[in-house]
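**Q** Residue numbers (the numbering used here): 30 to 605.
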Amino acid sequence: MLAGQNVQSKDVIKTKNVIKTFLIPGEEGLSEFWRRNKSPVEPLELAHLLESIIKISSFIGPNVGNIVWSGMNKPAESNDIVLNSSFLLGKYPIPGNKTDIAVGMAVHEAYLRVEWCEWVKTLAMQKMGKVAPLLLIKFKLFLEIAERIYVDLVANRSVLGLYAEKQRNYRFEKAAISFDLPPSFDELLYFWWLMAADLSGCKHKEVFNNEMYGHFSDNLTQYYAKPLCLLNSIIPALIEECPKIQSVVDRCEYRTNLYFTIWEELYNQTRFWAASEWDLLFMIKKPDIVEGVGVAENPEKPLIAPMGLEIRAHIKKKKIDFTDAIKVVCDDDDVVPIQVNDIVMPLKTNQDKQLLYRLQAVLKSHTEKRKSTSRGMKSGKIDTRRLYRATLNGNVFKHKKINYEMTNDIILVVDASGSMGELKWENIQLIYSTLYKVLSNYNKNTRVFAYNDSRGKCDLTELTQEKGELYTVPPRGKTASGEAIIATAMMLKRNKNKYPFIIHITDGASNWGSDVKYAINYCRNKKISLMTLGFGCREDSKEALRREYGNQVQFIDNLEEMPAKFGSLLAHGKFM
30 MLAGQNVQSK DVIKTKNVIK TFLIPGEEGL SEFWRRNKSP VEPLELAHLL ESIIKISSFI
90 GPNVGNIVWS GMNKPAESND IVLNSSFLLG KYPIPGNKTD IAVGMAVHEA YLRVEWCEWV
150 KTLAMQKMGK VAPLLLIKFK LFLEIAERIY VDLVANRSVL GLYAEKQRNY RFEKAAISFD
210 LPPSFDELLY FWWLMAADLS GCKHKEVFNN EMYGHFSDNL TQYYAKPLCL LNSIIPALIE
270 ECPKIQSVVD RCEYRTNLYF TIWEELYNQT RFWAASEWDL LFMIKKPDIV EGVGVAENPE
330 KPLIAPMGLE IRAHIKKKKI DFTDAIKVVC DDDDVVPIQV NDIVMPLKTN QDKQLLYRLQ
390 AVLKSHTEKR KSTSRGMKSG KIDTRRLYRA TLNGNVFKHK KINYEMTNDI ILVVDASGSM
450 GELKWENIQL IYSTLYKVLS NYNKNTRVFA YNDSRGKCDL TELTQEKGEL YTVPPRGKTA
510 SGEAIIATAM MLKRNKNKYP FIIHITDGAS NWGSDVKYAI NYCRNKKISL MTLGFGCRED
570 SKEALRREYG NQVQFIDNLE EMPAKFGSLL AHGKFM
C-alpha cells in the first residue's frame, strides 16, 4: 500500500514538472488574443494569416481590393494590396509581434484605398505644375507621409489604430537605418509621422526634443523643432475638421488644399536639405542604384512561386462556390459568381417588445399543438404506471405540458444591397432579429441568410452561425436576388414530409444577375414555398416585385404593419 502511494506521488511530481507552454520575451502581440488558427507548416500558416487579414480588411470598406502576399501572383493586378511577407518567413507559427505588423500593414494600405489617397496625389500634382526636380522629389515625399498620417488618424478612431501603430514603428525602425546625417528631409517626415499619428492624439501638441524617440543627439532639436511645429499645425484640422466632410471627393480636395497652406514655408525652411539617401546617391551619379524601392526602405524578398500557388489553393478550398451549380439551373448567361461568405459582425439592436409580442400572437396561430408528458417526476399528478417506484425512490408523478411547434422550417433571406443603407438597414435588422427570436421558439431549424455584392461577386452569408447568436453584415453593392435564393435553397437540410418556407426580405426588384423566375421555378420543383416581404419600397419597385413574384409578395411601409402582413404571407404560403 505504501509502495503504491510512493509511485503515485512520483507520478504527481512528474506531472507538475511538465512544461506545457514557453514564453518567448519580445514575441507577445495583440493578435495572440484572437488568433487561434495556426500551423507549424509554412504554406498553411501563411494562408491562415492571410485569411485573417482579409476578414479584418472587409470591415474597413468595400473598395479595399484583393490582399495577397508578395510573390503570390505575377504580375500583380493593379488593384491588389501586396503585403511584404519577407519579415514573416522562417519561424512558424508566426509570432504575435510579427502578426501585429502584418495586420497593421494591411489596415494601413486598406485605408489608403478607402480614402482615395491616390486621387489626392493626382490633385496635388496638377496643382503643383512643372517645378524643379529636387523640389518635386521633396513634395512627393511630403505628400506621401502626409497621406500616411491621415489614414493612421482614421485608423485611430477604432481598435485598428493599435495595429497601425505597430507597422508605423516597424517602418520607422527600418527607415532609421538609412537616415543620413541630420538635417535630412526624410528623417524629418518620419519624425512627423510618429508625432502626428500617435495613438494618444497629443504628441503633435508637444515640442520636439532630442530624446523624444530615443535619438540622443545634440543637434536634432535645432534642425527639426521649427519645421515640425509647422507640420503639426495642420494635424488638428485632419483630426477634427476633415471627418465632418461626408463626401470622399470633398475630403480629398480639402486635404490637398490643406497641404498647400504649409508647403511653401516648409520648403523654404528645408531648401538646402537632402531629400533622402537616394537623393544623395543620385547627385553623385552612382551607377548601381536599385530603382523601385521606397524611401529609406529595403527591397522585399517575395515568396517563391510554388509556395504562392499552394497558399492560393488552400484559400480557395475553404470557399464554397455555387456559381457552376446555379448555371446548370438557370438557362441564362447573366448568372453572376456567388460564394458563401463567413465574415460577419455582431448585431447590436434594441428589441421592440411590442413588435415581439404581436408577432408571437400572430405566429402562434400558425403552429401545431403538441402534447408531451414527463414521467418519473418528484411532484405533479400521480402516474399510475409508476406506482411500483413508490417504495424505491418516490418518483411516481407525471407532468403534462403543451408545446407549440411549426412543422415547416422557415429560412429568412435578407437583401443587404447598397439600397438598404442607413436607417432602412436598422429597421431591417430589427425585423429579422425579432422574427428569428420568435420563430426559433417554435422551430429550432430557423436560419437567417443575407446577400450583398462584394468585388463583382454575390456573397451569401449565414447570420445564425451559432445557436442563439445573431450577426449582421454591412449593406453594399447590387441586388442578385435570383442567385441568392437558389443558393439558399441548395444549402437547406431537407427532412422527410417537411416543406420549408423561404421568406425573402427586400426593398426592390433584382437588378443584377439572372432572372428571378429561375429561382421561383427551382423552389417550386423542390417543393419550397418562396414568399417575399417588401419593406420601404417605392411604387415602381412594388410593381417590379409584383411582376417577379406574383401573389407571393406582401409590402409593409412601417413596422406597425409587420405582424399582420407577415401572418397573411404565411397563411397564403401554406396553400401554395
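Idealized CB from N, CA, C, for every residue including glycine.
Determine the direct distance from the alpha carbon of G58 to that of I274, and round the result to whole angstroms.
**A** Indexing the sequence shown from 1 puts residue 274 at position 245. Indexing the sequence shown from 1 puts residue 58 at position 29. Taking the straight line joining both Cα atoms gives about 35 Å.
**Q** What three-state label does DSSP hand G323 in the structure shown?
**A** Along the sequence shown, one-based indexing puts residue 323 at 294. Confidence at G323 is low in this model, with a pLDDT of 42, below 50, so its placement is unreliable and no value can be given for it.
**Q** Is the beta carbon of I372 closer than 7 Å to that of V364?
**A** Against the sequence shown, residue 364 aligns to sequence position 335. Against the sequence shown, residue 372 aligns to sequence position 343. Contact flag unset, no.
**Q** Hey, quick one: how far does the beta strand (DSSP E) through T561 stretch, first residue to last?
**A** In the sequence shown, residue 561 corresponds to position 532, counting from 1. Looking at the DSSP string, the run of the beta strand (DSSP E) that includes T561 is 558-564.
**Q** Under a three-way DSSP split, which group does K400 fall into?
**A** Walking along the sequence shown from the start, residue 400 turns up at place 371. Strand at K400.
**Q** With DSSP collapsed to three states, give me the class of Q389.
**A** Taking the first residue of the sequence shown as 1, we reach residue 389 at position 360. Q389 falls in the helix class under three-state DSSP.
**Q** Use the C-beta contact count for M312: other C-beta atoms within 10 angstroms, 16 or more gives buried, fewer gives exposed.
**A** In the sequence shown, counting from the first residue as 1, residue 312 sits at position 283. With a pLDDT of 42 at M312, under the threshold of 50, the modelled position of this residue cannot be trusted; read the value that follows with caution. So M312 counts as exposed.
**Q** Nearest to I166 by CA position, among V358, A303, Y140, L468, is which residue?
**A** Taking the first residue of the sequence shown as position 1, residue 166 is located at position 137. Nearest of V358, A303, Y140, L468 to I166, Cα basis: A303.
**Q** Just mark T151 as buried or exposed, buried being the case when its beta carbon has 16 or more other beta carbons within 10 Å.
**A** On the sequence shown, position 122 is the one that residue 151 refers to. T151 is exposed by the Cβ-count criterion.
**Q** Tell me the residue span of the alpha helix (DSSP H) that contains E74.
**A** Here residue 74 is taken as the residue at index 45 of the sequence shown, counted from 1. Counting along the chain, the alpha helix (DSSP H) containing E74 begins and ends at 71-86.
**Q** With DSSP as the reference, label I349 as helix, strand or coil.
**A** Here residue 349 refers to the residue found at position 320 of the sequence shown. If DSSP states are grouped into helix, strand and coil, I349 belongs with coil.
**Q** Mind listing, in chain order, the continuous beta strand (DSSP E) runs of no fewer than 3 residues lying wholly within the stretch 502-582?
**A** Listed in chain order, they are 530-535, 558-564.
**Q** Run through DSSP, which three-state label would M312 get?
**A** The residue given as residue 312 occupies position 283 in the sequence shown. Unreliable placement is indicated for M312, whose pLDDT of 42 sits below 50; no coordinate value is reported for it.
**Q** Can you tell which of L464, I440, L73 has its C-alpha closest to the C-alpha of K382?
**A** Along the sequence shown, one-based indexing puts residue 382 at 353. When each option's Cα is compared against that of K382, the closest is L464.
**Q** At the level of alpha carbons, what is the spacing between R522 and F530?
**A** The count along the sequence shown starts at 1 and reaches residue 522 at position 493. The count along the sequence shown starts at 1 and reaches residue 530 at position 501. Here residue 522 is Lys; the residue named in the question, Arg, does not match the sequence. Their backbone Cα atoms lie some 12 Å apart in a straight line.
**Q** Helix or strand or just coil, what does DSSP make of P375?
**A** Reading the sequence shown from its first residue, position 346 is the one you call residue 375. In this structure, P375 counts as strand in the three-state DSSP scheme.
**Q** In this structure, does DSSP put R476 in helix, strand or coil?
**A** Translated into the one-based positions of the sequence shown, residue 476 becomes position 447. The answer is strand: DSSP assigns R476 an E or B state.
**Q** Taking the alpha helix (DSSP H) that E294 belongs to, which residues open and close that run?
**A** Position 265 of the sequence shown, counted from the start, is the residue given in the question as residue 294. Its alpha helix (DSSP H) spans residues 277-298.
**Q** Quick check on the DSSP output: the beta strand (DSSP E) that includes H428 runs from which residue to which?
**A** Here residue 428 refers to the residue found at position 399 when the sequence shown is read from its first residue. H428 -> beta strand (DSSP E) spans 426-434.
**Q** Can you have a look at L499 and say buried or exposed, based on whether 16 or more other CB atoms are within 10 angstroms of its CB?
**A** Looking up residue 499 in the sequence shown gives position 470. Answer is buried; the Cβ neighbour count reaches 16.
**Q** Based on Cα-Cα distance, which residue from E495, H77, L392, A193 lies nearest to L598?
**A** Here residue 598 refers to the residue found at position 569 when the sequence shown is read from its first residue. Of the candidates E495, H77, L392, A193, the one whose C-alpha sits nearest the C-alpha of L598 is L392.
**Q** Looking only at C-alpha atoms, which of H343, P366, L384 sits nearest to D353?
**A** Start at 1 with the first residue of the sequence shown, and residue 353 comes out as number 324. Ranking H343, P366, L384 by Cα distance to D353 puts P366 first.
**Q** Less than 8 Å between the CB atoms is what I'm expecting for T535 and S510, so what's the real figure, rounded?
**A** Translated into positions along the sequence shown, residue 535 becomes position 506. Translated into positions along the sequence shown, residue 510 becomes position 481. Right, their Cβ atoms sit about 6 Å apart.
**Q** Per DSSP, what kind of secondary structure is L112 in: helix, strand or coil?
**A** The residue labelled residue 112 in the question sits at position 83 within the sequence shown. Here L112 sits in strand by DSSP.
**Q** From A518 to V183, what does the alpha carbon distance come to, in whole angstroms?
**A** Sequence index remark: in the sequence shown, residue 518 carries index 489 (1-based). Sequence index remark: in the sequence shown, residue 183 carries index 154 (1-based). Taking the straight line joining both Cα atoms gives about 41 Å.
**Q** Does the distance from the CB of N606 to the CB of R505 come in under 7 Å?
**A** This structure gives no information on residue 606, because the portion of the chain shown stretches from 30 to 605.
**Q** Return helix, strand or coil for M406, following the three-state DSSP convention.
**A** The count along the sequence shown starts at 1 and reaches residue 406 at position 377. Strand at M406.
**Q** Note down, in chain order, each residue of its chain lying with its Cβ closer than 8 Å to the Cβ of I440, except the 5 sequence neighbours on either side.
**A** Within the sequence shown, numbered from 1, the residue matching residue 440 stands at position 411. Answer for I440: T475, R476, V477, F478, T517, L521, P529, F530, I531, I532, listed in chain order.
**Q** Specify, as a first and last residue, the run of the alpha helix (DSSP H) that Q251 falls within.
**A** For the purposes of this step, residue 251 is taken as residue 222 along the sequence shown, with counting starting at 1. Unbroken alpha helix (DSSP H) run through Q251: 249-261.
**Q** Indicate, with yes or no, if the ligand HEM has a heavy atom lying under 6 Å from the CB of F584.
**A** The ligand HEM is not among the ligands present in this structure, which contains no ligands whatsoever.
**Q** Looking only at C-alpha atoms, which of L189, L172, Y252, N261 sits nearest to K234?
**A** Here residue 234 is taken as the residue at index 205 of the sequence shown, counted from 1. If we check each option's Cα against that of K234, N261 comes out closest.
**Q** Whole angstroms is fine: what's the gap from E339's alpha carbon to K546's?
**A** Taking the first residue of the sequence shown as 1, we reach residue 339 at position 310. Taking the first residue of the sequence shown as 1, we reach residue 546 at position 517. So the two alpha carbons sit approximately 40 Å from each other.
**Q** According to DSSP, is A304 part of a helix, a strand, or is it coil?
**A** Counted from its first residue, the sequence shown places residue 304 at position 275. Reduced to three states, the DSSP call for A304 is coil.
**Q** Per DSSP, E585 is paired with what?
**A** In the sequence shown, residue 585 corresponds to position 556, counting from 1. Just to set this straight, residue 585 is Ile in the shown sequence, not Glu. For I585, which the question treats as bridged, DSSP gives the partners F564.
**Q** For M591, tell me which candidate among T436, V443, L384 has the shortest Cα-Cα distance.
**A** Indexing the sequence shown from 1 puts residue 591 at position 562. Closest option to M591, Cα to Cα, is L384.
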